[in-house]
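According to this note's numbering, numbering within the sequence shown proceeds without interruption in unit steps and concludes at 1714.
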Amino acid sequence: MGAGVLACGGAAGTSASDAGGSRGSGDDTASASAEGATSVASSTSASASASASTSSGPTTGEPDDGTTPIPAEPQRDGDAQAGYHALLNNNYVSCGIPWTAYSQVFGAAPEALQLPGRDGKNATLPYDKTAIVTNSGVEVVTANCLQCHAGHINGQLVVGLGNSTADYTAAVGGTAALAGALLTDPDEKAELARFVARLAALEPYTQTRTIGVNPADNVAAVLFSHRDPKTFAWNDPPLLELPSPIVIPVDVPPWWWMKKKHAMFYVAAGRGDHARTMMAASTLCTDTVEEARAIDEYFPDIHAYVLGIAAPKYPFVIDAALAKTGEGIFNSTCARCHGTYGAGGSYPNLLVDVGVIGTDPVLAAGGTQFSDRYLQWFAESFYGELARLEPQDGYVAPPLDGVWASAPYFHNGAVPTVADVLASGARPKYWTRSFDSKDYDPAKLGWHYSALDHGQDGEPDAAERKKIYDTTLLGYGNGGHDFGDGLAAEQRLAVIEYLKTL
Ligand code: HEC
Ligand code: HEC
């Protein structure tokens, strides 16, 4: 039976000409002043250069090194504990598979897949599913944020770790529709039909080429296309041109980055109120603004919970002396973009121009599914009242806390280990892995993998083909970020040892 799919409000990315910070939409200006946004002190290193400029040009008085500081903006306060409860129990995705059908197929989840703090039927559902009652009064099981934002590492479930094993290569709506055979009640049948219709609208545009990468940005684009931005009413024929069916792959980022990041998303698109942008991920079934407003009431709590998540500690042995050597190398080679760690650490919140970082440019340069029409939809909608989508022509240099756990690396998950991030010549062009979270490589820091001599086209077996990460596919490139190439092999080992401590 198919899991529900919901989007993360990341209809991001646009042409370079939009990256100058002067996105002309009057709605943007209106929402900024409605929020009463004055200047905000950055919680971390407000270095002199970190002025509130979002332009991609050089900061006055500094050489243009292709990096731009991202300014902090005011956020609504919330209660982290209430947020955890809401995340795992509340009705923010209001369609799904009727409980009557779900319960005939699935029993209680194994204990390892259950989470504490869940009410009623949720107590025995898997962590990524929630039982809710729809507006028509039918109890359904739906997918929650953890479908994408929880993952396993070393056999352990970690809430907030990006899911890097989900399979979006095939359609699931047909499987979900089979649940109809288990239902007799007309209201239940109608709810299932609504859910299956949403999946059917999404599926042609949300199939990836490989397991593990995520189509969330296209999910958002399709859902925006079918909704009136003013009323959120769903329209079966799309109201906006749909995105390209060619999905640009994205690796789900770990939630513990958000306590440091000033903008959401790889291309720094998520500006203004982050809770409001996060709740746009519930847009699969939110069919009225009234419903959205009710969800928005508690999303500052979910935001607060996300900000409180700590990166998991490295579970294996660390050579402390080697890590100390690595810290020195890191601070002179890497810290200007990734920040410093430990007591007194600071994070510079930098966007790095695509031309400087050199990683796959498609997501930032405006892949086919991204365009101004979705940005405009967002600006006109309830979401746009407090939040803005302002994609840039570059990638955020992320915090490296818990980096050991979040393989594969870069925005598209093209590189399987940190060792390969640091030696660009060693990166495999075609690689496959077991997708077993215990198949971890503590030496290279990331997944054990097999390099192959052929890509997807050379693989006759369909089941094996979708396990191949083929860096020659559009958006799947593994180039760029050559900052480790100049280090000696022992220096790279020392940096890797240091990264284990973060
Ligand atoms: C279908 C998978 C999926 C679901 C479901 C999903 N997300 Fe996401 N989320 C993503 C992906 C992929 C990104 C990165 C998108 C990008 O940067 O282009 C992301 C980004 C984010 C970010 C920004 C992280 C950062 O470092 O920039 C936050 C916060 C977030 N999601 C919260 C949520 C919340 C809260 C929910 C549930 C309401 C949710 N997401 C549901 C896939 C998902
Ligand atoms: C000029 C700025 C800059 C410098 C210097 C730099 N990085 Fe990065 N780094 C980035 C950016 C930007 C990304 C994101 C690229 C992307 O997602 O396409 C990144 C990504 C990474 C990642 C992958 C993170 C993830 O979870 O996907 C690692 C690991 C990393 N850098 C380590 C290092 C180390 C170690 C050094 C020093 C040897 C270094 N970086 C130097 C900008 C920089």
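C-beta: ideal position from N, C-alpha, C; glycine also.
Remember, predicted model here, so these are calculated numbers, not experimental data.
(request) Compare the Cα-Cα distances from F1511 to each of D1485, A1535, A1523 and report the closest residue. (result) In the sequence shown, the residue the question calls residue 1511 occupies position 299. With distances taken between Cα atoms, F1511 lies closest to D1485.
(request) Express the C-alpha separation of R1410 and E1742 in angstroms, rounding to a whole number. (result) Any property of residue 1742 remains undetermined from this structure, which presents the chain solely from 1213 to 1714.
(request) Confirm, please, whether the CB-CB distance from N1356 to D1331 is below 8 Å. (result) Within the sequence shown, numbered from 1, the residue matching residue 1331 stands at position 119. Within the sequence shown, numbered from 1, the residue matching residue 1356 stands at position 144. The answer is no: Cβ separation not under 8 Å.
(message) Would you call the region 1653-1667 in contact with the region 1601-1611, where contact means no fewer than 3 C-beta pairs closer than 8 Å?
(response) As far as the Cβ criterion goes, the region 1653-1667 does not touch the region 1601-1611, which means the pair count is below three.
(message) On the DSSP letters alone, give me the boundaries of the beta strand (DSSP E) that V1459 sits inside.
(response) Position 247 of the sequence shown holds residue 1459. Per DSSP, V1459 lies in no beta strand (DSSP E) and is assigned neither H nor E.
(request) Use the C-beta contact count for T1396: other C-beta atoms within 10 angstroms, 16 or more gives buried, fewer gives exposed. (result) Here residue 1396 is taken as the residue at index 184 of the sequence shown, counted from 1. Exposed, because fewer than 16 other Cβ atoms sit within 10 Å of the Cβ of T1396.
(request) Return yes when the C-beta of S1544 is under 7 Å from any heavy atom of ligand 2, and no when it is not. (result) Walking along the sequence shown from the start, residue 1544 turns up at place 332. Judged by the Cβ position, S1544 fails to qualify as a neighbour of ligand 2 at the 7 Å threshold, every heavy atom of the ligand being at least this far.
(message) Among the candidates V1633, I1309, L1699, F1528, whose CA atom is the shortest distance from the CA of T1713?
(response) Reading the sequence shown from its first residue, position 501 is the one you call residue 1713. When only C-alpha atoms are compared, the closest one is F1528.
(message) Looking at G1698: is its Cβ nearer than 8 Å to the Cβ of I1680?
(response) As a position in the sequence shown, residue 1698 is number 486, starting the count at 1. As a position in the sequence shown, residue 1680 is number 468, starting the count at 1. The answer is no: Cβ separation not under 8 Å.
(message) Please report the distance separating the alpha-carbon of G1248 from that of E1285.
(response) Start at 1 with the first residue of the sequence shown, and residue 1248 comes out as number 36. Start at 1 with the first residue of the sequence shown, and residue 1285 comes out as number 73. The predicted model places G1248 with a pLDDT of 32, which falls under 50 and marks its position as unreliable; any figure quoted below should be read in that light. Looking at the two C-alpha atoms, the distance is approximately 11 Å.
(request) Would you check whether ligand 1 has a heavy atom nearer than 7 Å to the C-beta of V1464? (result) The residue you call residue 1464 lines up with position 252 of the sequence shown. V1464: yes, Cβ under 7 Å from ligand 1.
(message) Taking only three categories from DSSP, how would you classify Q1368?
(response) Looking up residue 1368 in the sequence shown gives position 156. If DSSP states are grouped into helix, strand and coil, Q1368 belongs with the strands.
(message) Looking at P1338: is its Cβ nearer than 8 Å to the Cβ of A1321?
(response) As a first step, residue 1338 must be located in the sequence shown, where it is residue number 126. As a first step, residue 1321 must be located in the sequence shown, where it is residue number 109. Yes.
(request) Answer with buried or exposed for E1323, where buried requires no fewer than 16 other C-beta atoms within 10 angstroms of its C-beta. (result) If you number the sequence shown from 1, residue 1323 lands on position 111. Exposed, by the Cβ-count rule.
(message) Looking only at its chain, what residues have a beta carbon closer than 6 Å to the beta carbon of C1307, apart from the 5 residues adjacent to it on each side?
(response) Position 95 of the sequence shown, counted from the first residue, corresponds to residue 1307. R1406, F1407, C1497, listed in sequence order.
(request) Identify, in the order they occur along the chain, each residue of the same chain with its Cβ nearer than 8 Å to the Cβ of H1693, setting aside the five sequence neighbours on each side. (result) Reading the sequence shown from its first residue, position 481 is the one you call residue 1693. When the five nearest sequence neighbours on each side are left out, the beta carbons in the same chain lying within less than 8 Å of the beta carbon of H1693 are those of I1569, G1570, T1571, F1622, V1633, S1636, in order along the chain.
(message) Taking the alpha-carbon of P1441 as reference, which of Y1595, G1367, F1477, G1554 has the nearest alpha-carbon?
(response) Walking along the sequence shown from the start, residue 1441 turns up at place 229. Closest by alpha carbon: Y1595.
(request) Check the C-beta distance from V1345 over to A1617 and give it rounded, since I have them as a contact under 8 Å. (result) For the purposes of this step, residue 1345 is taken as residue 133 along the sequence shown, with counting starting at 1. For the purposes of this step, residue 1617 is taken as residue 405 along the sequence shown, with counting starting at 1. That belief does not hold up - the Cβ atoms of V1345 and A1617 are roughly 36 Å apart, past 8 Å.
(request) My understanding is that G1625 touches S1376, with C-beta atoms under 8 Å, so please give their C-beta distance in whole angstroms. (result) For this step, residue 1625 is matched to residue 413 along the sequence shown. For this step, residue 1376 is matched to residue 164 along the sequence shown. In this structure G1625 is in contact with S1376, their Cβ atoms being roughly 6 Å apart against a cut-off of 8 Å.
(request) Would you mind sorting G1225 into buried or exposed? The rule is 16 or more other CB atoms within 10 Å of its CB. (result) Looking up residue 1225 in the sequence shown gives position 13. Any reading at G1225 must be qualified, since the residue scores a pLDDT of 34, below 50, and its modelled position is unreliable; the value itself is stated next. Its Cβ being crowded by 16 or more others within 10 Å, G1225 is buried.
(message) Can you tell me whether A1413 is buried or exposed? The criterion is at least 16 other CB atoms within 10 Å of its CB, across all chains shown.
(response) Within the sequence shown, residue 1413 is the residue found at index 201, counting from 1. A1413 comes out buried.
(message) What does DSSP give as the partner residue(s) for K1341 in the beta ladder?
(response) Taking the sequence shown and counting its residues from 1, one reaches residue 1341 at position 129. Paired residues: A1355.
(message) Quick check on A1522: buried or exposed, where buried means 16 or more other Cβ atoms within 10 Å of its Cβ?
(response) Your numbering for residue 1522 matches position 310 in the sequence shown. Using a 10 angstroms sphere on the CB of A1522, the tally of other CB atoms stays under 16, which defines it as exposed.
(request) For E1403, collect the residues of the same chain with a Cβ closer than 7 Å to its Cβ; drop the 5 residues on either side in sequence, then sort them by chain order. (result) As a first step, residue 1403 must be located in the sequence shown, where it is residue number 191. Same-chain partners within the cutoff: C1307, P1310, T1346, S1348, V1350, V1352.
(message) I'd like to confirm something about T1552: is its beta-carbon nearer than 7 Å to some heavy atom of ligand 2, or not?
(response) Position 340 of the sequence shown, counted from the start, is the residue given in the question as residue 1552. Because no heavy atom of ligand 2 lies under 7 Å away, the Cβ of T1552 does not count as near it: no.
(request) Within the region 1551-1581, note down every full beta strand (DSSP E) run reaching 3 residues or more, in order along the chain. (result) For the region 1551-1581, whole beta strand (DSSP E) runs of length 3 or above, ordered along the chain, are 1562-1565.
(request) Keeping to the same chain, check which residues put their C-beta closer than 7 Å to that of E1702; ignore five residues upstream and five downstream. (result) As a working mapping, residue 1702 is identified with position 490 in the sequence shown. Close CB contacts of E1702 within its chain, under the 7 Å cut and outside five residues either way in sequence, are absent.
(message) Taking its Cβ as the centre, do 16 or more other Cβ atoms sit within 10 Å of S1267, making it buried, or is it exposed?
(response) The sequence position of residue 1267 within the sequence shown is 55, counting from 1. For S1267, the predicted model reports a pLDDT of 40, less than 50, meaning its position is unreliable and no value from the coordinates is stated.
(message) Please state the DSSP three-state secondary structure of A1321.
(response) Translated into positions along the sequence shown, residue 1321 becomes position 109. Note: A1321 maps to coil in three-state DSSP.
(message) Buried or exposed for R1505, going by 16 or more other Cβ atoms inside 10 Å?
(response) In the sequence shown, counting from the first residue as 1, residue 1505 sits at position 293. Exposed, since its Cβ has fewer than 16 Cβ neighbours within 10 Å.
(request) Would you kindly check if the distance between the Cβ of V1630 and the Cβ of L1711 is under 8 Å? (result) Position 499 of the sequence shown holds residue 1711. Position 418 of the sequence shown holds residue 1630. Yes, these two residues count as a Cβ contact at 8 Å.
(request) Would you check if the distance between the CB atom of P1628 and the CB atom of Y1652 is smaller than 8 Å? (result) Reading the sequence shown from its first residue, position 416 is the one you call residue 1628. Reading the sequence shown from its first residue, position 440 is the one you call residue 1652. The Cβ atoms of P1628 and Y1652 lie no closer than 8 Å to each other.
(request) Pick out whichever of D1513, I1458, S1315, A1343 has its Cα sitting closest to the Cα of D1291. (result) On the sequence shown, position 79 is the one that residue 1291 refers to. Minimum Cα distance to D1291 is reached at D1513.
(request) In the DSSP assignment, find the unbroken alpha helix (DSSP H) run with R1505 in it and report its ends. (result) For this step, residue 1505 is matched to residue 293 along the sequence shown. 1501-1520 is the extent of the alpha helix (DSSP H) around R1505.
(request) Quick one: give me the first and last residue of the beta strand (DSSP E) that W1589 is part of. (result) Locating residue 1589 in the sequence shown gives position 377, where the first residue counts as 1. Note, W1589: premise wrong, no beta strand (DSSP E); alpha helix (DSSP H) at 1584-1592.
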